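Using the numbering used here, count along the sequence shown one by one with no gaps and you end on 491. Glycine is no exception: its CB is placed at the ideal position from the N, C-alpha and C atoms. All values reported here derive from a predicted model rather than from experimental measurement. Taking it in order: structure first as structure tokens, then the write-up.
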Amino acid sequence: MFKKQGRKVAIMLISMATFEHLPVRVGGLAEAVTSLGEALSKSEEVMVFMPAHGLLREEEESFSSKPEKYCDFRIMVGDRISPVTVYQVWRKGVRIFLFSSEVMDHPQVYQPRDMFVAKMVHFTKAVPGLINIILKKENIKPDVIHINDWHCVFAGSLVKKYFKIPFIFTIHRLCRERISVHELNEVNLSELVDPRYLEGDMFNIEKFGGHHCDHLTTVSYSYLNEEWRTFFSTFEGKTTYVWNGTDYTFWNPDFLKHAQLPRKERRKLLLEENGLEDGILFFNVGRLDVEQKGIDILLKAFEMIMNGEVPGSERVRKELRLILLGSGDQYLENEARRLERQFPYNMKSIIAYLGRETTREYYGAADFCLIPSNFEPFGLVQLEAMCMGCIPIGSRVGGINDTILDLHDFPEESTGRLVPPRNPASLARAMVEMAQMSLEDQEGQLDRMRRRGREHVIKNFNWDKAAERYIRVYKNMATIKLPFVSYAEPY
């Protein structure tokens with residue numbers, strides 16, 4: 001195995017394939033893959049494969065070293081030969097290979113679809129090509145390849161076929177994505193076509209990955225349970241879950257601009273910056289969408305409270321403040337602006353994505369964070385909020401259910417509130433309940449919840465623990481397949 005800069009030879013050489021890795025970020029996948037790789041690199045050698053996405057055209061300071069050319073080679077896609085240049089760069093102990101070509105340099109990660117499919121096909125062909133060159137130049141090959149989401153499944157299957165390298169497939173979110181058989185034939189990937197994965201003339205990529213991988217994981221116990229009948233049960237015998245973590249060293253109140261001030265003072269300053277008077281601050285951050293994030297549920301719950309449709313709302317609505325931070329669905333953006341106009345003293349919508357440091361300031365000032373997802377494989381917002389002492393109120397789904405200890409289920413250990421998904425009335429009642437606790441000066445109880453929340457995340461949902469679980473999976477993959485014990489403790 002290669003020696004890392006200033007490091008001794010490690011136990012395993014782990015390769016990871018992904019379409020997102022910081023600084024390329026579309027959603028939570030980038031944060032998860034980056035953090036896991038850095039945690040794994042503390043004891044193992046880690047290399048990451050990713051399309052360049054135009055990154056090399058920019059002045060990028062997110063790496064420990066400048067990208068340097070590693071190799072050139074060519075791939076055959078359909079009847080065309082496409083040149084590929086691979087650059088390598090280091091980031092916090094992880095060796096990253098960026099694949100550059102006319103197609104793989106397109107700056108949009110997933111759009112438009114035709115370009116994305118082309119990028120996926122080129123990446124599929126290029127990954128085995130690079131491993132072959134690494135084998136020749138350095139006389140090493142990975143012990144495992146870790147595939148993150150369906151975009152990289154075909155690359156993992158070819159690596160397994162040609163190099164006998166076992167692959168683990170992690171589903172961060174089921175998309176049930178399909179590609180036409182015609183498209184596969186057109187780009188010389190007809191060898192991957194198998195009747196088991198066909199739905200008409202469409203090819204189900206995630207089913208293919210599930211059958212072909214050596215081990216299948218997802219990111220929370222509850223999500224595995226929710227999707228067991230519809231998907232994961234097909235792969236019983238090699239399926240389990242490994243919780244994600246969060247970077248609690250970054251999500252730390254000590255790094256706030258006004259860390260020396262009490263939380264209420266920070267809240268007052270933040271609300272003033274947003275043109276609102278002081279009050280009980282509820283906060284939501286993330287993508288505005290109806291399908292997954294439940295922002296329509298949140299807006300309806302807020303409107304119900306402000307219209308006095310919830311018991312106890314008369315007492316709290318004057319003190320209630322809501323800040324919505326994010327962008328996405330045009331209808332939801334318009335609804336947020338409508339409610340802001342209707343309740344200008346209570347609500348502020350910021351239709352934008354702000355940086356991590358700015359988001360941290362909001363977590364560090366808000367009383368409560370709202371996560372009303374309809375489904376959530378894992379979710380990072382609730383962990384970030386708890387790290388910052390912002391009490392989460394979230395849907396009882398997926399990773400939110402796994403990570404928040406509900407006030408009524410665990411009164412002595414609680415870290416937040418859980419409510420049924422897709423239910424604005426239940427969310428509104430929980431918001432009123434928590435607002436009443438603030439008004440009744442139950443700050444002692446709320447402060448204990450805040451303290452327990454950070455302790456809970458640091459103890460149970462850190463990336464070092466996730467890395468330990470994955471290493472156990474990798475090592476077992478290298479010898480025998482792991483038996484699946486229904487809903488056992490994660491690795």
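{"query": "Mind listing, in chain order, the continuous beta strand (DSSP E) runs of no fewer than 3 residues lying wholly within the segment 70-114?", "result": "80-91, 94-100"}
{"query": "Answer yes or no: do L405 and A301 have a C-beta to C-beta separation smaller than 8 Å?", "result": "no"}
{"query": "Rounded to the nearest angstrom, what separates N274 and K348 at their Cα positions?", "result": "7 Å"}
{"query": "What are the start and end residues of each continuous alpha helix (DSSP H) run of 4 or more residues lying completely inside the segment 306-330, in chain order?", "result": "313-316"}
{"query": "Can you give me the C-alpha to C-alpha distance between E309 and Q436, rounded to a whole angstrom?", "result": "16 Å"}
{"query": "For a minimum of 4 consecutive residues, which ranges assigned as the alpha helix (DSSP H) are wholly contained in the segment 409-460?", "result": "424-439, 443-460"}
{"query": "Taking the Cβ atom as the reference point for each residue, do D149 and L29 lie within a distance shorter than 8 Å?", "result": "yes"}
{"query": "Write down every uninterrupted run of the alpha helix (DSSP H) in the segment 192-247 whose length is 4 residues or greater and which is fully enclosed by it, in chain order.", "result": "205-212, 221-226"}
{"query": "Fully enclosed by the segment 124-167, which beta strand (DSSP E) runs are 3 residues long or longer?", "result": "144-148"}
{"query": "Apart from the five residues on each side of it in sequence, which residues of its chain come closer than 8 Å, Cβ to Cβ, to I480?", "result": "Residue placement at I480 is flagged as unreliable, the pLDDT there being 44, under the threshold of 50; a coordinate-derived value is accordingly withheld."}
{"query": "Which residue or residues does DSSP assign as beta-bridge partners of E361?", "result": "DSSP, once it has assigned bridges, lists no residue as partnering E361."}
{"query": "With a 10 Å radius around its C-beta and 16 neighbouring C-beta atoms as the bar for buried, classify K161 as buried or exposed.", "result": "exposed"}
{"query": "By the three-class DSSP mapping on this structure, what secondary structure does V9 have?", "result": "Because the pLDDT of V9 is 48, which lies under 50, any placement of that residue in the model is unreliable, and the number read from its coordinates should be weighed accordingly. V9 falls in the coil class under three-state DSSP."}
{"query": "Is R492 buried or exposed, if buried means 16 or more other CB atoms sit within 10 Å of its CB?", "result": "Limits of the chain in this structure are 1 at one end and 491 at the other, which puts residue 492 out of reach."}
{"query": "I need the DSSP call for R178, collapsed to helix, strand or coil.", "result": "strand"}
{"query": "Just the C-alpha distance for V24 and L55, rounded to the nearest angstrom, thanks.", "result": "8 Å"}
{"query": "Taking only three categories from DSSP, how would you classify I494?", "result": "Since the displayed the chain opens at 1 and closes at 491, residue 494 lies outside it and no answer follows."}
{"query": "For L98, which of L216, K119, A52 has the nearest alpha-carbon?", "result": "A52"}
{"query": "In angstroms with no decimal places, state the Cα-to-Cα distance between G364 and R448.", "result": "16 Å"}
{"query": "Whole-angstrom Cβ separation of I145 and S41, contact assumed at under 8 Å?", "result": "With 8 Å as the limit, I145 and S41 do not qualify as a contact, their Cβ atoms being about 16 Å apart."}
{"query": "Thinking C-alpha only, which one of N346, V159, D441, N139 is nearest E319?", "result": "N346"}
{"query": "In or out: G245 buried (at least 16 other Cβ within 10 Å) or exposed?", "result": "buried"}
{"query": "What do you reckon, are the CB atoms on I280 and D367 nearer than 8 Å?", "result": "yes"}
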